[in-house]
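Notes follow the structure.
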Amino acid sequence: MRAYRLVILLALGLVGCGESESNPESTSSIVRGLSAAPESIDPQLARSVASAVVLTDLYEGLLTRNAEGQIIAGAAISWELSADERQYTFRLREGLRWSDGSALTAGDFVRGWTMLIADDTAAFYADLLNPVRRTSDGRLAVEASDDATLVVTLTAPTADFLERLAHPALAPRASGEARYNGAYQLEQYAPLGSITLLRNPYFHAADSVAIVRVEYQPFEQEQTEYAAFRSGTVDVTSRVPRAVFRQETRPDTLRTAPYLGVVYLSFNMRDAPSAVTRCQLSAAIDRKALTETIIGRGEQPAYGLIPPGVANGVLPFESRMQAVDGVDSASQPTGELTLHYATSDENRVVAAALQEMWRSAYPDLKVTLANKEFRVLLSESRAGTFDGMMRRSWVADYNDASQFLAILKSDAAANSSGFADARLDTLLAAIDSTTDPAQRERLLHAAEQLIAAQVPVIPLYFFVSKHLVARRVAGWQDNPLDVHPSRFLRLLDE
Amino acid sequence: MLRYTLSRLVSVIPTLLLVMLITFLLVHAAPGGPFDNERTLPPEMQARLQAAYGLDQPLWVQFGNYIGGLMQGDLGPSFRYPQSTVNELIGDAAPVSLLLGSLAFIVAVIFGSAAGILAAIRQNRATDHVLMTVAMTGISVPAFVVAPLLVLLFAITLRWLPASGLSTPWHFILPVFALALPTAAYVARLIRASMLEVLKGQFIRTARAQGLSSRTLVLRYALKPALIPVVSYLGPAVAALLSGSVVIEQIFNIPGLGRLFIQSALNRDYTLVMGLVILYSTLLVLLNLIVDLLYAVLDPRVRYR
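Taken in sequence, the protein lines are chains P and L.
For the first sequence, this note's numbering gives the first residue as 1, with consecutive numbering after it.
For the second sequence, this note's numbering gives the first residue as 495, with consecutive numbering after it.
Take a look at the structure:
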């Protein structure tokens with residue numbers, strides 16, 4: 001009996017503590033889910049999307065993004081481009097401060113950017129500053145001409161440079177201890193647990209920030225995150241599990257929007273079937289059935305690599321793939337082919353559907369499926385050792401169409417196909433340095449056609465962003481970059 | 495006893511060294527590296543990262559460096575979390591798993607032994623059948639079935655308890671219960687079986703003949719010998735509970751050692767995998783030693799020299 005008494009006491013003890021600690025949360029506090037634990041909340045060291053979400057609240061670059069994901073003035077209030085389009089002069093806002101109240105100067109940006117490209121930082125996003133000219137001693141040509149002016153010199157005109165500036169990796173850096181210049185400052189951080197942010201009183205637009213406290217909770221399992229949302233402990237989720245998507249019958253909480261990401265099959269071009277066969281394989285795929293019936297979360301069928309939501313993607317969006325010469329008279333593909341994909345629920349279903357589509361179109365072709373752990377797949381992709389095809393995806397770091405074609409540049413790290421075409425490389429270089437929108441569009445279109453004629457990759461579908469947003473949260477704007485800074489959110493009275 | 499303990503402790507060292515060497519070779523042999531990321535890095539960046547973490551050196555040099563650091567209590571930098579060392583990560587996660595594990599252990603032992611004793615004294619009666627059915631279910635139904643069902647019922651449908659995290663004591667109830675259930679069930683079955691065995695013994699008959707009440711008989715004379723098989727089961731069980739349940743921590747989103755372990759393996763966070771394996775194997779070896787020593791306490795026939 002003594003044992004029972006102990007259990008009851010223990011249970012009562014738990015209940016007692018629970019009441020004293022679980023105060024009703026302040027009304028201006030929200031909990032947001034993250035798809036993984038951020039590996040770092042240092043803007044220069046961070047590597048993942050989950051980190052970027054938190055950093056967007058903690059730091060502000062020269063430029064930043066509004067609730068719709070568009071570029072707006074951040075720490076810089078204005079900027080000028082020189083006549084030769086190679087030099088930007090940024091004027092910082094007056095009276096900018098770090099979260100401890102100390103002054104923020106143009107030199108803090110130089111410090112952050114210098115750290116980003118330093119060898120021993122080994123930053124994942126160092127290439128964001130590739131357009132910036134290097135001095136003869138290897139330093140960045142970025143000059144703080146006074147405390148409020150930053151002069152950036154580029155090697156060549158760069159159309160997407162301002163888009164890059166809103167990336168969290170280009171945040172300023174305080175000397176010494178970490179400080180924040182974003183709408184929020186860090187209250188509590190545990191590498192694996194939740195991250196708590198409080199409103200930064202020194203933020204230049206602090207008066208417009210409605211939510212005082214933001215808690216980020218990482219969820220490796222999407223089902224767990226979903227359960228937390230359904231039980232009311234999480235206000236905004238980072239994704240929506242496929243299994244519950246169709247049951248999600250409350251459209252006022254489900255938010256989906258086109259997202260700047262494309263899913264494609266990459267051939268290993270070092271040893272690939274003929275262009276005609278590749279084209280036939282692509283033509284046999286019913287993308288509408290794939291997106292609407294098989295995945296069914298609002299994904300858009302992809303007939304090219306550039307997604308519909310992209311800022312400068314005013315390209316003709318064809319609903320049919322361009323045919324390769326000679327494909328009509330060619331005989332049906334035969335032989336064997338392997339499709340490699342990273343283990344996941346969605347990938348498995350898509351791969352099986354593709355296999356079936358090919359089987360019914362080309363009975364003599366045998367496609368085998370090979371699922372692999374994500375990092376195994378990546379190492380094979382990097383080494384170019386896989387046979388047949390590999391399912392890959394690409395998500396843009398910023399809103400520019402060229403990002404999607406650049407994955408086929410011969411020296412691009414993301415180019416798992418090993419595709420190398422000098423004409424494409426030249427075109428892509430021209431796209432980077434062309435700032436006239438009409439001319440740039442023509443070049444983008446030419447590059448897209450060049451890719452379509454050779455089929456090194458088979459585009460499948462474009463991602464959508466998927467979130468559950470509690471009804472009490474207002475100010476959420478769907479946008480193609482899927483950025484939702486907490487400073488633009490507010491809570492409705494319940 | 496002391497000499498035995500010391501000699502056992504010394505024999506732990508080669509065991510741990512072997513475990514470390516095998517783990518080290520296995521993690522490095524796994525395809526894919528810590529810097530294979532969704533955002534593919536240019537080869538020169540890969541090389542720079544490899545050099546920054548010493549991965550460009552021959553394996554035996556890396557292993558030597560690692561052991562050198564370990565001697566000074568340094569488990570190295572994490573490959574995945576550039577701001578944290580392995581010591582910090584384990585230091586953050588260990589208390590969470592320890593607390594959860596100890597609570598689950600206490601719950602499991604209390605409920606398990608109570609149910610086991612009750613079932614033994616009421617052998618083949620309704621109480622026995624009900625308790626053993628529950629225990630059998632607890633053993634056979636895996637945590638990844640029980641835990642989501644608990645969440646569905648208590649967190650989503652009834653909204654009595656939170657679904658995930660550990661921020662208030664309320665949060666502990668579901669994970670502790672889910673974690674304790676299989677252990678409690680096992681303990682109940684073990685105690686019932688060994689209790690029945692002990693209750694048939696001559697000394698119990700003698701005690702009963704002397705007119706002792708059955709309560710004294712059970713708790714004072716029968717329980718102690720009946721605990722011996724349970725203790726040998728509890729050694730590894732404690733290690734498993736304390737070092738974090740992989741499944742429970744994933745489902746309830748608890749930032750403990752189990753979740754860290756899974757993530758470190760998937761991320762190819764070599765140093766973190768090593769650190770956790772060392773922690774787990776040390777815990778296991780030490781707890782087994784404690785179990786062996788406990789035999790001497792529980793069974794007067796066992797003597798160590």
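Quick reminder that beta carbons are idealized off the backbone N, C-alpha and C, glycines included.
On a predicted model such as this, the values are computed, not experimentally measured, just so you know.
The Cβ of P/D120 sits closer than 8 Å to at least one Cβ of chain L. L/Q577 sits in coil when the DSSP states are folded into three classes, being neither helix nor strand. Burial check for P/L45: the Cβ neighbour count within 10 Å reaches 16 or more, so the residue is buried. Taking 8 Å as the cut-off, the Cβ atoms of L/I561 and L/P669 do not count as close. Here L/F573 has P528, F529, Y547, N761, R762, D763, Y764, T765, L766 as same chain residues with Cβ atoms under 8 Å from its own Cβ, once five neighbours each way along the sequence are excluded.
L/L778 and L/G595 have their C-alpha atoms spaced approximately 14 Å apart. Residues of the stretch 755-788 of chain L with a Cβ closer than 9 Å to any Cβ of chain P, in chain order: I756, Q757, L760, N761, R762. The stretch 439-447 of chain P makes no contact with the stretch 334-348 of chain P; the number of CB pairs closer than 8 Å stays below 3. L/P676 sits in a helix when the DSSP states are folded into three classes. Below the 9 Å Cβ cutoff, chain L contributes no neighbours of P/V53, its closest Cβ being approximately 15 Å away.
By a beta-carbon distance limit of 8 Å, L/A523 does not contact L/G606. Their separation comes to about 40 Å.
In terms of beta-carbon proximity, P/L128 stays away from the interface with chain L, with every pair separated by 8 Å or more. Chain-ordered, the chain L residues with CB closer than 7 Å to the CB of P/V376 read P525, G526.
L/N747 is positioned such that its CB atom lies no closer than 8 Å to that of P/T105. When the five nearest sequence neighbours on each side are left out, the beta carbons in the same chain lying within less than 7 Å of the beta carbon of P/L198 are those of Y184, Q185, E187, V212, R213, in order along the chain. Against chain P, the CB of L/N618 has no partner CB under 8 Å away; the residue lies outside that interface.
When the five nearest sequence neighbours on each side are left out, the beta carbons in the same chain lying within less than 7 Å of the beta carbon of P/G182 are those of D57, L58, Y59, E60, N200, F203, in order along the chain. Secondary structure at P/R471: coil, using DSSP grouped into helix, strand and coil. Here the C-alpha atom of P/P38 lies approximately 21 Å from the C-alpha atom of L/Q540. Taken through DSSP and simplified to helix, strand or coil, P/A302 comes out as coil. Chain P has no Cβ within less than 8 Å of the Cβ of L/N559.
Listed in chain order, the beta strand (DSSP E) runs fully inside the stretch 96-152 of chain P are 142-146, counting runs of at least 3 residues. Secondary structure at P/H340: strand, using DSSP grouped into helix, strand and coil. Interface annotation, L/N531: in contact with chain P, CB-CB separation under 8 Å. Assignment of P/K366 by DSSP, reduced to helix, strand and coil, places it in the strand class. Taken atom to atom, the span from the alpha-carbon of L/Y575 to that of P/S331 is near 53 Å. P/G335 is classed as exposed because its beta carbon has fewer than 16 other beta carbons within 10 Å across all chains shown.
The Cβ neighbour count for P/W113, taken over all protein chains shown within 10 Å, is at least 16; the residue is labelled buried. Within 7 Å of the CB of L/V645, the CB atoms of chain P belong to A227, in sequence order along the chain. The C-alpha of P/V234 is placed about 48 Å away from the C-alpha of L/L713.
Non-local C-beta neighbours of L/I633 in its own chain, meaning closer than 8 Å and more than five positions away in sequence, comprise P676, A679, Y680, R683, ordered along the chain. L/R497 has a beta carbon lying at 8 Å or more from every beta carbon in chain P.
Residues of chain P whose Cβ lies closer than 7 Å to the Cβ of L/Q577 are, in chain order, S40, D42, L45. In the assembly as shown, L/L519 is an exposed residue. Its beta-carbon has fewer than 16 other beta-carbons within 10 Å. In this structure, P/S433 keeps its C-beta atom at 8 Å or more from the C-beta atom of P/A36. Between the stretch 465-473 of chain P and the stretch 249-265 of chain P there are three or more inter-stretch CB-CB distances shorter than 8 Å, so the stretches are counted as touching.
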